[in-house]
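Under the working numbering, the first residue of the sequence shown is numbered 1062, with each subsequent residue one higher. For glycine and all other residues, C-beta sits at the position ideal for the given N, C-alpha and C. If you're wondering where the values come from, they're calculated on a predicted model, not measured in any experiment.
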Amino acid sequence: MVGADRDNTSGTERHRPGGEPTLAAVGITKDFGVLRANDNIDFAIRPGEIHALLGENGAGKSTLVKILYGALQPTAGEIRWQGRPVVIANPAAARRLGIGMVFQHFSLFDSLTVAENISLALTGKSRLDGLRSRIETVSREYGLPLRPDSVVADLSVGERQRVEIVRCLLQEPRLIIMDEPTSVLTPQEADDLFGTLKRLAGEGCSVLYISHRLEEVRAICHHATILRHGKVVGECDPQKQTAKRLASMMVGAEVHAVRPPEPAPEGAAIRLAVNRLSVPKPHAFAVDLKEITLDVRAGEIIGVAGIAGNGQDELFDALSGERLAPGDGDIRIDGKACGRKGITARRRLGAAFVPEERLGHGAVPRMRLSSNVVLTRYATGDGVASGGIIDHGAASRIAIRVSETFDVRKGSPDPEASALSGGNLQKFVVGREIDRKPTVLVVSQPTWGVDAGAATTIRQALVDLARSGSAIVMISQDLDEILEISDRISVMALGRLSTPRPRAELPRETIGLMMTGTGMSDAEDGHAN
């Protein structure tokens, strides 16, 4: 397919570039024991092309990318670089060829400067003075302003991503692999990134773009390859497809939209109340919580937007009881003071919590799903434990019910948590807490890294739970998610929480400015009702 459509973001026609591929995967197959993660994959990306790699969780994207970057070796097939077969033995060999990668989770040392972090990734010895000059030049030319002597711990998340990209550009790559690059960016920062990617493509660099945000794919990508169950199931010009159609191609079935939430009832009881909560940061790289005030009513979803590192983790820890508040009355659940009570006591009051990190925090990797059920429900009167004796049958029945309700796909009836793909584990961890029908649910990044189908399942479950009378606080970096299901929206910036406002009153651009701290007025900071 070589077509021409109107580029919605720039007003110019966009064709898929031609010419010999920069990189081609030919018959790539990867087996892990009896599991075939990649099955005879053919794939090519051309010079100057922004190429999307799409697929639901477990489709084989991560395995394929690791093979292209040298972190894994294929069981069969070959990789061709600029027309000739190559063996990419490791990531260092990939970088020598001209392949760079910007990871979803940053690999930076907080205590080092920008220049020091970048120098660690460059081959050979490079004087810092000369490197500083190169960083300034490259970052300026590509619209990614950086100060080489800034300490990474002092940078925003958007600035940290610039460090990752500039570090990659200084290696002079011909192919850049980007994994969920906008997941932690404001809308304005995402627009800046898109401009950089278009410039790179215009200079002949190839960009392999992995994202679950399908509107972004439609906006900037020339071509898309879709994986399902380890196989290539289609290719297309994403501009010629709707986001819904792309999602359907990924999952192999129609993906239904979340049913629009009905307005939360006026005058409903306050189920979660936070009153002028201030908590000092637990370590040097954390954030102080400052005068947080928030009321969440029965039947309501409050969406908390913000750039990572602005106090969201600290807020979750304070609401869940992982860190205690200064005063017992600082936090109330259904009117009962619990600021000085821990997680188990808050669960007994009817609250449930889903942390951002699913493996290790939300679930114990080497424990079976039924045992992970016990960990959060042994003290909540759900019948899984009594008098110190665990009812494994009851725990197993709950795990099965959650798996069926949330379409958790697994290879055995009760596997270890680590055996599930990231998206399936996320569905289980969220579903385990929703299954309790809690009166208060605090959930952080509910659809982080999951595909369109799983995201719809989780979001619909949150809407349904709220409409049954629960109060939900949803902390998310996904603005589409925030805008889709929240009744009211707050923004977290520099440890402060803005006054929640109805979704219809906060356009995306306004939220983006508030996320940087520049759009929050003094009247809004920390005085939410």
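What residue does the alpha helix (DSSP H) around residue i start on, and which one ends it?
| i | result |
| --- | --- |
| Glu1197 | Leu1189 to Glu1202 |
| Phe1104 | Segment Leu1096 to Ile1106 is the beta strand (DSSP E) holding Phe1104; no alpha helix (DSSP H) there. |
| Thr1354 | It is not in any alpha helix (DSSP H) - Thr1354 instead sits in the beta strand (DSSP E) that spans Leu1350 to Arg1358. |
| Leu1230 | Val1218 to Leu1230 |
| Arg1156 | Pro1152 to Leu1158 |
| Arg1458 | His1453 to Thr1466 |
| Ser1267 | Here Ser1267 belongs to no alpha helix (DSSP H); instead the beta strand (DSSP E) covers Ser1267 to Ile1271. |
| Phe1377 | Gln1373 to Ser1381 |
| Ala1527 | Ala1513 to Arg1528 |
| Met1310 | Ala1304 to Val1312 |
| Ser1123 | Lys1122 to Leu1129 |
So, residue i versus residue j, is the Cβ gap smaller than 8 Å?
| i | j | result |
| --- | --- | --- |
| Ile1102 | Leu1129 | no |
| Ala1532 | Ala1359 | yes |
| Ile1550 | Leu1567 | yes |
| Asn1485 | Arg1470 | yes |
| Gly1514 | Val1316 | yes |
| Val1312 | Asp1512 | yes |
| Val1319 | Met1239 | no |
| Ile1179 | Arg1107 | no |
| Gly1388 | Gly1396 | no |
| Asn1151 | Ser1482 | no |
| Ala1460 | Leu1430 | yes |
| Arg1564 | Ser1479 | no |
| Leu1338 | Ala1379 | yes |
| Thr1247 | Thr1577 | yes |
| Gly1131 | Ala1105 | no |
To the nearest whole angstrom, what separates the beta carbons of residue i and residue j, a pair I think is in contact under 8 Å?
| i | j | result |
| --- | --- | --- |
| Glu1494 | Thr1437 | 7 Å |
| Val1365 | Val1534 | 6 Å |
With distances taken from CA atoms, which of the options is nearest residue i?
| i | options | result |
| --- | --- | --- |
| Gln1487 | Cys1399, Arg1419 and Thr1441 | Arg1419 |
| Glu1383 | Ile1196, Ala1398, Gly1372 and Ile1404 | Ile1404 |
| Ala1456 | Ala1440, Asp1468 and Asn1433 | Asn1433 |
| Val1348 | Gln1134, Ala1554, Arg1141 and His1076 | Ala1554 |
| Pro1082 | Gly1144, Val1357, Leu1158 and Val1095 | Gly1144 |
| Ala1262 | Arg1274, Pro1248 and Cys1282 | Cys1282 |
| Glu1202 | Leu1269, Ile1394 and Ile1226 | Ile1226 |
| Arg1528 | Arg1141, Ala1329 and Leu1169 | Ala1329 |
| Ser1217 | Val1199, Arg1235, Glu1241 and Glu1250 | Glu1250 |
| Leu1114 | Gly1421, Ser1211 and Leu1307 | Leu1307 |
| Ala1098 | Gly1204, Gly1295 and Ala1120 | Ala1120 |
| Thr1184 | Gly1265, Ala1446 and Leu1231 | Leu1231 |
| Ser1046 | Val1524, Arg1260, Ile1363 and His1112 | Since the first residue of the chain shown is 1062 and the last is 1590, residue 1046 is not available in this structure. |
| Asp1374 | Leu1544, Val1524, Gly1556 and Ser1267 | Gly1556 |
| Leu1275 | Pro1299, Arg1193, Pro1234 and Gly1204 | Pro1299 |
| Ser1211 | Thr1243, Ala1176, Val1504 and Ala1304 | Ala1176 |
Distance check for residue j and residue i, CA to CA, integer angstroms please.
| i | j | result |
| --- | --- | --- |
| Ser1547 | Ile1536 | 11 Å |
| Gln1222 | Asp1452 | 47 Å |
| Gly1116 | Asn1371 | 31 Å |
| Lys1122 | Ser1272 | 10 Å |
| Gly1411 | Pro1499 | 5 Å |
| Ser1071 | Asp1252 | At Ser1071, the pLDDT of 39 sits below 50, so the modelled position is not reliable; the number obtained from the coordinates is stated separately. Rounded to the nearest angstrom, the two C-alpha atoms are 11 Å apart. |
| Thr1174 | Gly1442 | 51 Å |
| Gly1088 | Leu1181 | 35 Å |
| Asp1356 | Glu1327 | 13 Å |
| Pro1507 | Gly1390 | 28 Å |
| Ile1052 | Glu1264 | Because the chain here runs from 1062 to 1590, residue 1052 falls outside it and cannot be looked at. |
| Phe1167 | Val1213 | 11 Å |
| Gly1094 | Ser1447 | 41 Å |
| Phe1255 | Glu1197 | 20 Å |
| Ile1149 | Ala1086 | 12 Å |
| Pro1078 | Arg1279 | 16 Å |
| Glu1570 | Val1552 | 13 Å |
| His1076 | Glu1542 | 31 Å |
For the beta strand (DSSP E) containing residue i, name the first residue and the last one.
| i | result |
| --- | --- |
| Ile1237 | Leu1236 to Asp1240 |
| Asp1092 | Leu1084 to Phe1093 |
| Glu1296 | Lys1292 to Cys1297 |
| Gly1364 | Ile1362 to Ala1366 |
| Pro1146 | Arg1145 to Val1147 |
| Val1175 | That residue, Val1175, is in no beta strand (DSSP E); its alpha helix (DSSP H) goes Val1175 to Ala1182. |
Checking contacts by CB at 8 Å: is residue i closer than that to chain C?
| i | result |
| --- | --- |
| Asp1443 | The structure shown contains no chain C; it is built from a single protein chain. |
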